[in-house]
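K.L.:
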Amino acid sequence: MAPKVLISDKLSDAAVQIFRDRGIDVDFMPELGKDKDKLAEIIGQYDGLAIRSATKVTPSLLEHADKLKVVGRAGIGTDNVDKEAASKKGVIVMNTPFGNMITTAEHAIAMMFAVARQIPEASASTHAGKWEKSKFMGVELTGKTLGVIGAGNIGGIVCDRARGLKMKVVAYDPFLSDEKAERMQVEKVDLDTLLKRADFITLHVPLTDQTRNILSKENLAKTKKGVRIINCARGGLVDEEALAELLKSGHVAGAAFDVFAEEPAKENVLFNLPNVVCTPHLGASTTEAQENVALQVAEQMADYLLTGAVQNALNMPSVTAEEAKVMGPWIDLAGHLGNFIGQMTDEPIKAINILYDGYAAEMNLEALNCSLIAGIMTSVNPDVNMVSAPLIAKERGIQIATTNQAQSGIFEGYIKVTVTTEKRERSIAGTVFSDGKPRFIQIKGINIDAEVGRHMIYTTNEDVPGIIGALGQTMGTHGVNIANFTLGRRSAKAEAIALLYIDEPAPADAVEALKATGLFQQVKTLEFDVR
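Under the numbering used here, the first residue of the sequence shown carries the number 4, and numbering increases by one thereafter.
1. Since G286 and T81 should fall inside the 8 Å C-beta cutoff, what is the C-beta to C-beta distance between them, to a whole number of angstroms?
2. Contact defined as beta carbons within less than 8 Å: I believe A68 pairs with V94. What is the distance between those atoms, to the nearest angstrom?
3. Would you identify the three-state DSSP class for Q293, choosing helix, strand or coil?
4. For I1, is the classification buried or exposed, using 16 other Cβ atoms within 10 angstroms of its Cβ as the cut-off for buried?
5. Please determine, among Q410, S437, F436, I403, the residue with the shortest C-alpha to C-alpha distance to T421.
6. Do V300 and A77 have their beta-carbon atoms positioned less than 8 Å apart in this structure?
7. Roughly how many angstroms separate the alpha carbons of T607 and D212, rounded to a whole number?
8. Once the 5 residues before and after N407 are set aside, which same chain residues still bring their CB inside 6 Å of it?
9. Where does V173 fall in DSSP's three states?
10. Which complete alpha helix (DSSP H) runs does the region 147-173 hold, if anything under 4 residues is left out?
11. By how many angstroms is the C-alpha of V73 removed from the C-alpha of G167?
12. Buried or exposed: which applies to V467, given that a residue is buried once 16 or more other Cβ atoms fall within 10 Å of its Cβ?
13. If we count Cβ pairs, one from each stretch, closer than 8 Å, do we get three or more for the region 471-481 versus the region 491-500?
14. On the DSSP letters alone, give me the boundaries of the alpha helix (DSSP H) that G482 sits inside.
15. Starting from the N-terminal side, write out each stretch of the beta strand (DSSP E) that is 3 residues or longer and does not extend beyond the region 322-373.
16. In this structure, what does DSSP give as the bridge partners for V96?
17. Ignore the nearest five residues each way along the sequence and tell me which others in A264's own chain have a CB closer than 7 Å to its CB.
18. Express the C-alpha separation of V230 and A127 in angstroms, rounding to a whole number.
19. State the start and end residues of the unbroken alpha helix (DSSP H) segment that holds K41.
20. Please list, in chain order, all residues of the same chain as N216 whose beta carbon is under 8 Å from its beta carbon, the five residues on each side excluded.
21. Relative to the C-alpha of A511, which residue among V483, G521, D176 is closest?
22. So the candidates are E507, I460, L517, K419; which of them puts its Cα closest to the Cα of L490?
23. With a floor of 4 residues, list each alpha helix (DSSP H) that falls wholly inside the region 451-533, ordered by position along the chain.
24. Three Cβ pairs or more, each shorter than 8 Å: is that satisfied between the region 82-102 and the region 177-186?
25. Tell me the residue span of the beta strand (DSSP E) that contains N407.
26. In the DSSP output, what is C281 paired with across the bridge?
27. Buried or exposed: A519, going by 16 or more other Cβ atoms within 10 Å of its Cβ?
28. Taking A259 as the reference, give the member of I122, G159, K227, L394 with the closest Cα.
29. Examine the Cβ distances between the region 314-334 and the region 133-148 and report whether three or more of them are shorter than 8 Å.
30. Considering F203, what are the terminal residues of the alpha helix (DSSP H) in which it resides?
31. Taking 8 Å as the threshold (C-beta atoms), are L206 and K191 in contact?
32. Within this structure, are the beta carbons of A247 and L273 separated by less than 8 Å?
33. Between V208, L218, Q48, which has its C-alpha nearest L198's C-alpha?
34. What does a CB cutoff of less than 7 Å around V161 pick up in its chain, not counting 5 residues either side in sequence?
35. Let me confirm a value: Q445 is counted as buried when at least 16 other C-beta atoms fall within 10 Å, else exposed. Which label applies?
36. Contact defined as beta carbons within less than 8 Å: I believe L71 pairs with A88. What is the distance between those atoms, to the nearest angstrom?
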């Protein structure tokens, strides 16, 4: 059955057509995002939800979204999506951070010009039939110092455009390396230095606990007299009350805001102050940007639903379509290893240690980690997936450690996972052979070569004669067909293990009959999601 997607906000017809061209069943209901009750009523039918800013993806909505796998936000901001609730539900949240970068950066530059030359007020005055040429004395941008808070994708474009205007650019960004700053031809500084030196300050950071009120009353007081402040990023980055007071006192010469702490901003302390330019969140509002983000979100969602490729996800590692093709068997292997450990472990897990060797160590390890942890977690919660598993593991206080190493054995690459509980450690390793099929290659330090089957029986025993006969005869007596049979031992007469790949789930009486032979220390039935 084809995946089904709901578009609950206004997206372009071209985006709708992308879904249809890719064979995805799509319902285009652009006004539904404003009706939370109706949306909750029908969301359970859909695998994907494509939105803009009107639709609110809340915990209560997600309670009804039993089939939902992905939410795609056409645009960069995801304030309207509860990402933690989505993660717990196992729903990927994607955005389109690159579709409106240029548009938003250009708007910031336009706002900077507007406030430097008082263009909106001068325009309104002229329209009113006045000719107040001497009233609107502006300042040049050339030679001025621009302080850029946040030098990522959009901030980087602003830096580039500002240098073209012959401005001096200083940037504050904790993640900006010296090498990148040099390539961008900007001076990397701390926040206090930026505040003291900048003639113009522009913000280009997301709203987080770290950035909220980054231009607080205290920080605004540190700014250079006559500074002009531009915010086209997110509301809540600037203390609007404190800024209003500094505008009234003349310490701040002007401000240009496209975003506000509360939106829609029907009233705000900055409104009607002299030399304050305000626009209604127009940063991404160009024809080109709206089309770009709509097409991009449709492509991303379609890729995920059809191929498993994950792009621009906010709560899961990204996996390109090319990676998905190559890594598919390895992601399956990681899940099987985790699933084996999870089914074998009855007591609470304290730590998970994952070793990636050789070829496996060169892959997207975050994605492999998510698959492996999900495999472990599904033993206690079948609804866990790659999105929700790491969050659940963190909530349970499970310590997760990852190690990479160069090829160290006969296999080009392998994955080994060891879990620690209060009572014991348990480990299993596996690889992917050239046929693309995952194999278990070591259990409890005992080397084996076992194909992974949907239904399996695992046994441990002392290495003595009669084990193979007991397994075969008991299964045969109870009508269980063995598709594959693997044995392994530490050494002669020492501990040994067996893995049986069987066609159907083992009947309970067959398992009890094996235990009744007295030959086995452990008999465990296992189930795997084999594609």
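Note that CB positions come from ideal geometry on N, CA and C, so glycine has one too.
P.N.:
Based on what the coordinates show:
1. The Cβ separation is near 15 Å, so there is no contact.
2. 7 Å
3. helix
4. A query on residue 1 cannot be resolved here, the shown segment of the chain reaching from 4 to 534 and no further.
5. I403
6. yes
7. A query on residue 607 cannot be resolved here, the shown segment of the chain reaching from 4 to 534 and no further.
8. Y359, A364
9. strand
10. 156-167
11. Cα to Cα, the separation comes out at about 40 Å.
12. exposed
13. Taking 8 Å as the limit for Cβ pairs, the verdict is that the region 491-500 does not touch the region 471-481.
14. Per DSSP, G482 belongs to no alpha helix (DSSP H) and is neither H nor E.
15. 352-361
16. Looking at the DSSP assignment, V96 forms a beta bridge with V74.
17. G238, G239, E243
18. 24 Å
19. 39-45
20. G239, L240, V241, D242
21. V483
22. With distances taken between Cα atoms, L490 lies closest to I460.
23. 470-480, 511-519
24. no
25. 402-408
26. Per DSSP, F260.
27. exposed
28. It is I122 whose Cα lies nearest to the Cα of A259.
29. no
30. Counting along the chain, F203 falls outside any alpha helix (DSSP H), though it belongs to the beta strand (DSSP E) covering 203-206.
31. no
32. yes
33. Checking every option, the nearest Cα to that of L198 belongs to L218.
34. A108, A111, I112, V151, T205, H207
35. buried
36. At roughly 12 Å, the Cβ-Cβ gap does not stay under 8 Å, so L71 and A88 are not in contact.
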